[in-house]
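Visitor: The number in this note's numbering is simply the position in the sequence shown, starting from 1, with 530 added.
The C-beta atom is built at its ideal place from N, Cα and C for all residues, glycine as well.
Handing you a structure now.
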Amino acid sequence: MKVKSHQKFEGIYYTGFGDQYRLFTKNIDKGHIVYGERVLLEGNDEYREWNPYRSKLAAAIMNKARNIYINKDTTILYLGASSGTTVSHVSDLTKNTIYAVEFAPRSIRELIQNCVSRENVIPILADANFPELYAKFIFEEIHVVYVDIAQPNLTDIAIVNCKKYLKEGGILIHAIKAKSIDVVRPIQQIFNDQILKLEEAGFEIMEKINLAPYSRDHLLIIARFFQNKT
Numbered sequence: 531m532k533v534k535s536h537q538k539f540e541g542i543y544y545t546g547f548g549d550q551y552r553l554f555t556k557n558i559d560k561g562h563i564v565y566g567e568r569v570l571l572e573g574n575d576e577y578r579e580w581n582p583y584r585s586k587l588a589a590a591i592m593n594k595a596r597n598i599y600i601n602k603d604t605t606i607l608y609l610g611a612s613s614g615t616t617v618s619h620v621s622d623l624t625k626n627t628i629y630a631v632e633f634a635p636r637s638i639r640e641l642i643q644n645c646v647s648r649e650n651v652i653p654i655l656a657d658a659n660f661p662e663l664y665a666k667f668i669f670e671e672i673h674v675v676y677v678d679i680a681q682p683n684l685t686d687i688a689i690v691n692c693k694k695y696l697k698e699g700g701i702l703i704h705a706i707k708a709k710s711i712d713v714v715r716p717i718q719q720i721f722n723d724q725i726l727k728l729e730e731a732g733f734e735i736m737e738k739i740n741l742a743p744y745s746r747d748h749l750l751i752i753a754r755f756f757q758n759k760t
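Written out as structure tokens, the structure reads:
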């Protein structure tokens, strides 16, 4: 099965069509997998299947995201890195640094184990509510802040981290799980409230992507940040 370059996104590949369509990234850590993903070999290259049921960014791509703003030159602050499923694929996409923040000790151990050979991933054990705590680890301009945190105040966390680290005109990729915010209110109302909160903080909403059927009750927001817009 031949792996082909994605039509829109640098560093992303695919096989098949229709129901057999699958995403892949070229493995920079040859011989190692992270979450049991399938690997295809072509010549000297390995391609890891990127499962949209395990990665919200992959789900967004499968659901026709127009742009993910990640390429080989992108420096990323990733909040909610967990054990490194999506981090590892993003690590395949960029040659620049991924600052991967995770609060749970067990998850950070798994993240370190999974990404130990990925030189562009810096795992950071910290609470993303307090971005000043990891300022000593970040020495460069951040192009993208990626947020995947299951907390009621996840949008507040996104905003405070962007204000501290994200460059002017930089990109926020924000995964919102409605039921992490409120289990009673209508889901669309929850999404709308988070969007309004971002807009009031100076973000321009570029894209809103429903992640069903891969992640139910999830919305991925891609927004551009302007420090002085408010």
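Within 10 Å of its beta-carbon, does residue 611 have 16 or more other beta-carbons around it, so buried, or fewer, so exposed?
Guide: Label assigned to residue 611: buried.
Visitor: Does the beta carbon of residue 686 come closer than 7 Å to any beta carbon on chain B?
Guide: Annotation note: the requested chain B is absent from the structure, which comprises a single protein chain.
Visitor: Any idea what DSSP makes of residue 479, helix, strand or coil?
Guide: Outside the modelled stretch of the chain, which goes from 531 to 760, sits residue 479, for which no answer is possible.
Visitor: Mind checking residue 531: buried by the 16 CB within 10 Å criterion, or exposed?
Guide: Exposed, since its Cβ has fewer than 16 Cβ neighbours within 10 Å.
Visitor: DSSP on residue 664, reduced to helix/strand/coil?
Guide: Residue 664 falls in the helix class under three-state DSSP.
Visitor: Going by the CB atoms, is the gap between residue 663 and residue 629 shorter than 7 Å?
Guide: Contact flag unset, no.
Visitor: On the criterion of 16 or more Cβ atoms from any shown chain inside 10 Å, does residue 665 qualify as buried, or is it exposed?
Guide: The residue in question, residue 665, is exposed, as its Cβ has fewer than 16 Cβ neighbours within 10 Å.
Visitor: With burial defined as no fewer than 16 other Cβ atoms inside 10 Å of the residue's Cβ, what is the status of residue 618: buried or exposed?
Guide: It is buried - the Cβ of residue 618 has at least 16 other Cβ atoms within 10 Å.
Visitor: Among 555, 679, 684, 577, which residue has its Cα nearest to the Cα of residue 601?
Guide: Taking only the C-alpha atoms, the option nearest residue 601 is 555.
Visitor: Report yes if the CB atom of residue 570 is closer than 7 Å to the CB atom of residue 631, and no otherwise.
Guide: Against a cut-off of 7 Å, the Cβ pair of residue 631 and residue 570 comes out as no contact.
Visitor: Output the distance between the C-alpha atoms of residue 562 and residue 592, rounded to the nearest integer angstrom.
Guide: One C-alpha to the other measures close to 24 Å.
Visitor: Going by the DSSP bridge assignment, what does residue 587 pair with across the sheet?
Guide: DSSP output for residue 587 lists no bridge partner at all.
Visitor: If the criterion is Cβ atoms closer than 7 Å, does the pair residue 639 and residue 615 meet it?
Guide: No.
Visitor: Can you round the beta-carbon distance between residue 694 and residue 661 to whole angstroms, since I take them to be within the 8 Å contact cut?
Guide: Confirmed, about 5 Å.
Visitor: Counting along the chain, where does the beta strand (DSSP E) carrying residue 674 start and finish?
Guide: Run containing residue 674: 672–677, per the beta strand (DSSP E) assignment.
Visitor: Throw me the rounded Cβ distance for the residue 675 and residue 599 pair, which I believe falls under 8 Å.
Guide: Rounded, the Cβ-Cβ distance is 11 Å, inconsistent with contact.
Visitor: In the DSSP output, which residue or residues are listed as bridge partners for residue 786?
Guide: Residue 786 cannot be examined here, being either before or after the span of the chain that is shown, 531 to 760.
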